[in-house]
Amino acid sequence: MRGLASVEAANNSASNSNFIPMLTLGIPSSGTTAIMQGVLTLYNLTPAPPCSIPRPNWSGASSPRYSSAM
88 MRGLASVEAA
98 NNSASNSNFI
108 PMLTLGIPSS
118 GTTAIMQGVL
128 TLYNLTPAPP
138 CSIPRPNWSG
148 ASSPRYSSAM
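Per the working numbering, the very first residue in the sequence shown carries number 88; after that it's consecutive.
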């Protein structure tokens with residue numbers, strides 16, 4: 088049973104890590120996250136930080152923050 092639990096835990100952690108680029112940068116990393124991003128867009132929810140979208144003059148200030156996070 089322990090071997091099965093460890094395999095399942097590794098599987099779940101890999102699937103959840105696909106959401107990190109979508110939620111932080113707005114870039115889907117797989118087909119599933121692309122569909123999820125489309126659904127969020129249909130409901131007028133932006134899966135990216137709001138400081139980079141409505142204020143284009145802030146893009147110079149927010150891009151170093153994203154590059155240092157990567």
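Cβ coordinates follow ideal geometry from the N, Cα and C atoms, glycine included. Since the structure is predicted, the reported quantities are computational estimates derived from the model, not experimental observations.
DSSP, read as helix, strand or coil, puts A97 in helix. When the beta-carbon positions are compared, Q124 and P136 stay at least 8 Å from each other.
Contact check for F106 and T120: beta-carbon distance about 6 Å, within the 8 Å limit, so the pair qualifies. In this structure, the alpha-carbon of Y130 lies about 31 Å from that of A97.
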